[in-house]
Amino acid sequence: MQQAIRLAGFFAAHGVWCVADGEDLIPLYAFEDPAGERKMVRYAGEQVEDAVAEARARLAANPDGAQHAVLVHDGFLTLPSGRTDALILSVRDFAGEGALTLAVPYRNAAHPLGFAVHRPKFLDWRGEQEPDYGQLGEDFFAGVEEHEMGDRVWQARLDDSI
1 MQQAIRLAGF FAAHGVWCVA DGEDLIPLYA FEDPAGERKM VRYAGEQVED
51 AVAEARARLA ANPDGAQHAV LVHDGFLTLP SGRTDALILS VRDFAGEGAL
101 TLAVPYRNAA HPLGFAVHRP KFLDWRGEQE PDYGQLGEDF FAGVEEHEMG
151 DRVWQARLDD SI
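So in UniProt numbering the end of the sequence shown lands on 162, straight run, no missing numbers.
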């Protein structure tokens, strides 16, 4: 799962970079092919729900023979502090048969206080044994750091209050 969560961190940073200026995130599907090369496909459509469903179907079917893959789309998350915008990440490690869902909550750029990104939240794990969430967090942020522009925005606009 280490490489899969690192891939997720990279594309989460890409998503943060995209929404930081107030733009909507076009759902994206990213994967590492059998040679280890990263690829990304955007799913634009009239209805975001349809685009997400199409990307989710590709994630489930794995027609590319990917080793690792992640679907990133915009959504909402309800936290004790209330409902907030969030990037939702569905992560798959096809070799290890693991699946993880996490969210990166953020404050929309249109908010009077401006854009902010919050700490990721692990939502669901599917695998044979309980993961080491501390290690997953380290691997996730190693991926974030690989995306120069996304990491720069993340560090500048981090609000870890929620």
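Ideal placement from N, C-alpha and C gives every residue a C-beta, glycine not left out.
These numbers come from a predicted model, not from an experiment.
Contact check, residue 12 vs residue 89 under 8 Å by CB: the rounded distance?
Taking the sequence shown and counting its residues from 1, one reaches residue 12 at position 12. Taking the sequence shown and counting its residues from 1, one reaches residue 89 at position 89. Right, their Cβ atoms sit about 6 Å apart.
Excluding the 5 residues flanking residue 18 on each side, which residues of the same chain have their C-beta closer than 6 Å to its C-beta?
Start at 1 with the first residue of the sequence shown, and residue 18 comes out as number 18. Correct list, in chain order: 25.
Quick check: is any heavy atom of the ligand MG less than 7 Å from the C-beta of residue 36?
The ligand MG is absent from the structure shown, which contains no ligand whatsoever.
Suppose you measure from the CA of residue 20 to the CA of residue 105; what does that come to, to the nearest Å?
Position 20 of the sequence shown, counting from 1, holds the residue named residue 20. Position 105 of the sequence shown, counting from 1, holds the residue named residue 105. Those two C-alpha atoms are separated by around 12 Å.
What separation, rounded to the nearest whole angstrom, lies between the Cα atoms of residue 33 and residue 3?
Counted from its first residue, the sequence shown places residue 33 at position 33. Counted from its first residue, the sequence shown places residue 3 at position 3. Taking the straight line joining both Cα atoms gives about 12 Å.
From residue 128 to residue 87, what does the alpha carbon distance come to, in whole angstroms?
Locating residue 128 in the sequence shown gives position 128, counting from the first residue. Locating residue 87 in the sequence shown gives position 87, counting from the first residue. Roughly 26 Å separates the two Cα atoms.
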